[in-house]
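Enquirer:
Numbering (our numbering), first residue to last: 679 to 975.
1. Please go through the same chain and pick out, in chain order, the residues whose beta-carbon is closer than 7 angstroms to the beta-carbon of residue 754, but skip the five residues on each side of it.
2. Cβ atoms of residue 726 and residue 771: under 8 angstroms apart, would you say?
3. For the alpha helix (DSSP H) that contains residue 712, what are its first and last residues?
4. Nearest by alpha-carbon distance to residue 839: which of 923, 766, 961 is it?
5. For residue 809, which beta-bridge partners are listed by DSSP?
6. By Cβ distance, which residues of its chain are closer than 6 angstroms to residue 783, with the 5 residues on each side in sequence left out?
7. What is the rounded straight-line gap between the Cα of residue 742 and the Cα of residue 927?
8. Going by alpha carbons, who is nearest to residue 762 out of 842, 852, 798?
9. Suppose the cutoff is 6 angstroms on Cβ atoms and the five residues either side in sequence are ignored; what does the same chain contact list for residue 716 look like?
10. Could you check if residue 847 is buried or exposed, using at least 16 other CB atoms within 10 Å of its CB as the buried criterion?
11. Are residue 752 and residue 884 touching if we call contact CB-CB under 8 angstroms?
12. Between the segment 793-804 and the segment 815-824, can you find at least three pairs of beta-carbon atoms closer than 8 angstroms?
13. Please classify residue 943 as buried or exposed, where buried requires at least 16 neighbouring CB atoms within 10 angstroms.
14. Quick test of the definition: if touching needs 3 or more C-beta pairs under 8 angstroms, does the segment 815-835 touch the segment 862-873?
15. Identify whether residue 873 lies in helix, strand or coil by the three-state DSSP scheme.
16. By DSSP's criteria, residue 721 is part of a beta bridge. Which residues make up the other side?
17. Measuring straight from C-alpha to C-alpha, what distance separates residue 970 and residue 867?
18. If I measure Cβ to Cβ from residue 728 and keep anything under 6 angstroms in the same chain, skipping five residues before and after, which residues do I get?
19. Step through the CB atoms of chain D and report whether any lies within less than 8 angstroms of the CB of residue 805.
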């Protein structure tokens with residue numbers, strides 16, 4: 679029954695993403711989920727490219743919207759979370775897109791009261807190649823996070839709001855690895871993550887992605903000191919072997935083999951391992967409408 683569904687709060691931090699933000703907004707507002715159960719908060723950092731004007735077109739469907747200078751992405755998300763009152767919370771960047779059915783899938787995954795967070799699968803849309811790429815993710819366990827790296831596609835992640843009761847979600851000092859630090863802190867406290875095989879998100883790769891421009895190496899070194907994660911060299915060797923073995927154990931061996939055969943390099947320092955999805959299958963996954971909207975980006 680819909681009246682028993684949990685309430686969901688989504689925060690979108692945005693700055694100068696006029697090219698993509700409309701798709702982001704519509705992917706949240708278009709979910710098949712009771713409108714009264716969704717709280718959508720958009721925090722724009724005083725964009726100068728027309729983003730705020732686009733967001734204002736949807737103001738009637740937003741629980742809260744502001745366009746003001748802020749302290750960056752972490753600060754904007756923390757301010758949004760401070761306003762959130764949903765049973766479940768998440769953030770979706772203004773260049774990412776939810777696929778249909780995400781909210782109901784999340785609600786089912788969090789029916790178990792012992793679960794504090796749920797993650798899913800993500801696709802990547804490469805604006806340069808104008809194509810869809812399949813990736814592989816797994817559950818955010820403490821060993822996997824320490825030995826391999828951030829195995830979570832952040833936009834697929836939803837948390838029970840109560841896990842943030844005693845601390846702000848994000849460290850405002852981090853700009854590149856803010857989600858990785860969060861997963862390490864939460865799993866260190868014993869918060870249980872579960873992973874579902876459902877594709878939840880399309881992450882749009884473009885020249886201005888933070889992870890494509892700067893991988894945050896100094897911040898990663900700080901996490902090595904604070905959380906005791908393996909140094910980069912070990913994560914690149916033994917950690918990758920552990921990740922591949924985990925995916926095979928989860929029945930994703932075919933994806934591992936395909937990923938090893940297709941190394942997709944993006945601009946700057948960012949490297950993405952992904953399997954090209956044939957256009958007909960991509961259109962089936964995305965739906966004709968979204969596929970057509972992504973093609974000209």
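Glycine residues also receive a C-beta, built at the ideal position from the N, C-alpha and C atoms.
Expert: Let me lay it out:
1. For residue 754, where only same-chain residues beyond five positions count, the Cβ hits under 7 angstroms are 691, 721, 723, 748.
2. In this structure, residue 726 does not lie closer than 8 angstroms to residue 771 by Cβ.
3. Residue 712 -> no alpha helix (DSSP H), and no H or E assigned at all.
4. Comparing alpha carbon positions, the residue from 923, 766, 961 closest to residue 839 is 766.
5. Its beta-bridge partners are 804.
6. Within the same chain, Cβ atoms closer than 6 angstroms to the Cβ of residue 783 are found at 876, the five residues on either side in sequence being excluded.
7. Answer to the nearest angstrom: the Cα atoms are 43 angstroms apart.
8. Answer by Cα proximity: 842.
9. Closer than 6 angstroms at Cβ, skipping near neighbours: 686.
10. Within a 10 Å sphere around the beta-carbon of residue 847 sit 16 or more other beta-carbons, which makes this residue buried.
11. Result no, Cβ atoms of residue 752 and residue 884 do not sit closer than 8 angstroms.
12. They touch, by the three-pair rule.
13. Because residue 943 sits at a pLDDT of 42, beneath the cut-off of 50, its placement in the model cannot be relied upon, and the point is left open.
14. Verdict: yes, contact present.
15. In the structure shown, residue 873 sits in a strand (DSSP, three-state: E or B).
16. Partner(s): 691, 744.
17. Those two C-alpha atoms are separated by around 43 angstroms.
18. The answer, listed in chain order, is 696.
19. Among the protein chains of the structure shown there is no chain D, as only one such chain exists.
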